[in-house]
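2 protein chains.
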Amino acid sequence: MARIVMKFGGTSVADLDRIHNVARHVKREVDAGHEVAVVVSAMAGKTNELVNWVQQMPKVAGANASFYDAREYDTIVASGEQVSSGLLAIALQSMGVDARSWQGWQIPIKTDNAHAAARIVDIDGSELIRRFGMGQVAVVAGFQGVGPDNRVATLGRGGSDTSAVAIAAAVNADRCDIYTDVDGVYTTDPRVEPKARRMKKIAFEEMLEMASLGAKVLQVRSVELAMVHKVRTFVRSSFDDPDAPGMGDLLNPPGTLICDEEEIVEQEVVTGIAYAKDEAQISLRRLADRPGVSAAIFGPLADAHINVDMIVQNISEDGSRTDMTFTVPSGDADKALAVLEGQKQVVGYDVVQSESGLAKVSVIGIGMRSHAGVAATAFKALAEKSINIKAITTSEIKISILIDGAYAELAVRTLHSVYGLDKT
Amino acid sequence: MARIVMKFGGTSVADLDRIHNVARHVKREVDAGHEVAVVVSAMAGKTNELVNWVQQMPKVAGANASFYDAREYDTIVASGEQVSSGLLAIALQSMGVDARSWQGWQIPIKTDNAHAAARIVDIDGSELIRRFGMGQVAVVAGFQGVGPDNRVATLGRGGSDTSAVAIAAAVNADRCDIYTDVDGVYTTDPRVEPKARRMKKIAFEEMLEMASLGAKVLQVRSVELAMVHKVRTFVRSSFDDPDAPGMGDLLNPPGTLICDEEEIVEQEVVTGIAYAKDEAQISLRRLADRPGVSAAIFGPLADAHINVDMIVQNISEDGSRTDMTFTVPSGDADKALAVLEGQKQVVGYDVVQSESGLAKVSVIGIGMRSHAGVAATAFKALAEKSINIKAITTSEIKISILIDGAYAELAVRTLHSVYGLDKT
């Protein structure tokens, strides 16, 4: 007997047939004797409809701009999960499974007061656990809680993943299964490299790098939360036949386990290759090399909501002038250049150079902490394909390389192969 | 300065433009210095969509019949008012009016545990009143409260009227305005008698008879509640221009006031003519005239969910046998006859006679309590038009007459005229 939290996203509960399919997945675990809590998103499309109404209402009411009260936004948008949680409870009951829906305010899932982007502060899991003992499945509305003002608070887009992990931590679950429209986490994007393999396990830290680098499987915050509370999190497909062989396997179901690195016995040096296209590079030449220069550059860019990614600054030769390079999404390049133009007097650079249409390719692996030569292998492999490296940044478990966008797929395949990721 | 509760139904909040129109009505009262609570239904069509999902879900999940948990029904269906209350709060804020939405569990509106048909047990109006003092408008999700199990409970269809009256009682409002798609209560159906007049005032008791007789303006329970708590309730149109002259008149706005009879100084003898078509009459001849016979007839009919309306039993000539006549909706006549056939041994009647296609016409007026000859006037007027009366029942403030359905409109117009209702 285990305690399992299962999470299903919007496409998995898009209509009544799919909700029935979700109920079959749940029934399988219940029939196996497990204690189960299910976390659901709103039916696909509903959240967008509700958000659109909230955004349009001020204009329809004659306001000049679309400012709205985030507390009302939360009240309105959270209704989507209220509906899907109730429908799943009915589906389970119809299949003979004792179940009830729980809204955030009923458990309660307490959040802070940052409406529309709230963070979970505390979850009282005692009533859920008491009902597990009675054989009752908890169907929890994801994405929401209740703030200190006793009003509904939502966690922001993708927040249902976070709800699921937080509930798993609160009820001390053995596993948190995130059912999604992919069947696990791959060594790289299978559309780029058909030889990409689904990983059996990946460490939390690696998953954080994979997720924030564009492997859009899990919300980053949910992975952070899982890492802090050591929640064993499983990514698997909601479109698999719920009753196919092995689906109910407690230790090795199909999918990818995200877990503490200590649980990964045979640690690979490199576990995955991530990439992001449509990057632009901006270089400032011959900056004054003094305290405050970085702040003068990146503060105004952040104020303009420009998401800066790689930052490379080299040590200046004579201690007076240096070069700074960073990347932004290509679509923000012109805006970034305009911001920099306005900061020219403060920053005191000589020349700005920029180039769009670049790609960032990243090699990720906890094992590289203790292995030398990982970076050199990448550089050599790319050189053999005549791929020019424009910039490099590294962290303990990641090497990111900026290249011409036209070579992105070739670079991904080359690196995937050179680290042996295409071999089982 | 007055304290006003305003209620808007589903057609009044059907889309963002109409919600804006509702907000204009509210702003008018706020600008006049009044304290305002608004009660809203779900956007038209939403409740039906949600109810349909609830009813379909068990079948989709493979259940033989459509049984569902009423607590989940309530959770799902109440989401409709959650959305409309939030949107109206945003519309008001966009127009510079301080407002916030309130769900039933937040106020709280406490109900009993009869999910899907709950009754309000208690409303704590103190927080709403405190915020009135701060100039804040309360936008309350109608149709819902929270049960002793801390779960959402709905009041059943039309329950938003009841929510509004109950909140008006809880905050001791001066008036409860029910905005609807008609502009008041008429002396009879204007589609039958174009000379029908909108009443300025009608007593609670009269409105109860009008409403339950088919003048479908207000939910019967809300009128009962208004009568008990002496809530002055105003029926008016939500489609009038919110800023037309007289709309904000505190004492005489356009519409019909439903109030205590003591407030109606010049009491008319007859205030309205109601009618119901498609009635069927069923007569049992030569029943045993002994205790328990009525129960043996009407108990099984109630168990079969057949709504019996008029019941006429005459005193038997010799104390041993009597006749009993009652009406049911025409569509239920065959079912009723089958039930009676099954009860024949118990009831011990001789013959059953039935006739469909009848109409019931009712004359209503509190003044008839103290006026003789009201019934005689009706009988004489109908006789002059050669309309045959099949059955008669009377209460203190109502005379109901069963006639051939073909004469329904003629009878309504004749009675409307003979009591002078077409004269201002």
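Here the protein sequences line up with chains A and B, keeping their order. Per full-length UniProt numbering, the first sequence runs over residues 1 to 424. Per full-length UniProt numbering, the second sequence runs over residues 1 to 424. Heads up, the beta-carbon is just placed ideally off N, CA and C, and yes, glycines get one too. No experiment lies behind these values; they were computed from the predicted model shown.
At a cut-off of 8 Å between C-beta atoms, residue 47(A) does not count as an interface residue with respect to chain B. Within chain B, the C-beta atoms nearer than 9 Å to that of residue 87(A) come from 53, 54, 57, 72 and 76, in chain order. The three-state reading of DSSP puts residue 188(B) in coil, since its state is none of H, G, I, E or B.
Residue state for residue 66(B) is assigned as coil, using DSSP reduced to three classes. For the pair residue 332(A) and residue 350(A), the Cα-to-Cα distance works out to about 22 Å. Distances from the CA of residue 233(B) to each of 251(B), 242(B) and 241(B) were compared; the closest alpha carbon is that of 251(B). In the structure shown, residue 284(B) falls within a strand segment according to DSSP collapsed to helix, strand and coil. Within the region 231-310 of chain A, the beta strand (DSSP E) runs of at least 3 residues that lie entirely inside it are, in chain order, 233-237, 256-259 and 272-288.
The beta carbon of residue 91(A) sits closer than 6 Å to the beta carbons of 19, 20 and 23 from its chain, once the five residues preceding and following it are set aside; these are given in chain order.
Partner residues in the beta bridge of residue 398(A), as assigned by DSSP, are 364(A) and 395(A). Contact annotation: residue 46(A) and residue 160(A) have beta-carbon atoms that are not nearer than 8 Å. At least one beta carbon of chain B lies nearer than 8 Å to the beta carbon of residue 69(A). Of the residues 152(A), 82(A) and 354(A), the one whose Cα lies closest to the Cα of residue 116(A) is 152(A). Taking 8 Å as the cut-off, the beta carbon of residue 336(A) is found no closer than this to the beta carbon of residue 366(A). Taking a C-beta distance under 8 Å as the contact criterion, residue 308(A) and residue 328(A) qualify as a contact pair. Leaving aside the five residues that flank residue 236(A) on each side, the residues in its chain whose CB is nearer than 7 Å to its CB run, in chain order, 177, 179, 183, 184, 253, 254 and 255.
The criterion of a C-beta distance shorter than 8 Å is not satisfied by residue 94(B) and residue 141(B). In the three-state reduction of the DSSP assignment, residue 355(B) falls in the strand class, which pools E and B.
Note on geometry: alpha-carbon atoms of residue 28(A) and residue 222(A) lie some 25 Å from one another. Between the alpha carbons of residue 105(A) and residue 4(A) lies a distance of about 22 Å. With respect to chain B, the C-beta atom of residue 90(A) has a partner C-beta closer than 8 Å. DSSP places residue 8(B) within a strand segment (E or B) once states are collapsed to three. When rounded, the separation of the alpha-carbon atoms in residue 353(A) and residue 13(B) is 55 Å.
Excluding its 5 nearest sequence neighbours in each direction, residue 119(A) has C-beta neighbours in its own chain below 8 Å: 111, 112 and 155, listed in chain order.
In the displayed model, residue 389(B) falls within coil according to three-state DSSP, outside both helix and strand. If you compare the alpha carbons of 89(A), 133(A), 36(A) and 143(A) with that of residue 77(A), the shortest gap goes to 143(A).
Annotation: the continuous alpha helix (DSSP H) that includes residue 409(B) extends over 408-418. Residue 50(B) has a beta carbon lying within less than 8 Å of a beta carbon in chain A.
Between residue 101(B) and chain A, the shortest Cβ-Cβ separation is below 8 Å.
Listed along chain B, the residues sitting closer than 9 Å to residue 17(A) by beta-carbon distance are 60.
Against chain B, the CB of residue 63(A) has a partner CB under 8 Å away; the residue lies at that interface.
Taking 8 Å as the cut-off, the Cβ atoms of residue 231(A) and residue 165(A) count as close. Only exposed fits residue 62(A), as fewer than 16 other CB atoms lie within 10 angstroms of its CB. Ranking 55(B), 87(B) and 406(B) by CA distance to the CA of residue 49(A) puts 87(B) first. At a Cβ-Cβ threshold of 8 Å, residue 39(A) and residue 123(A) do not count as neighbours. Contacts between residue 106(A) and chain B, judged by CB atoms closer than 8 Å, involve 150 and 151 in chain order.
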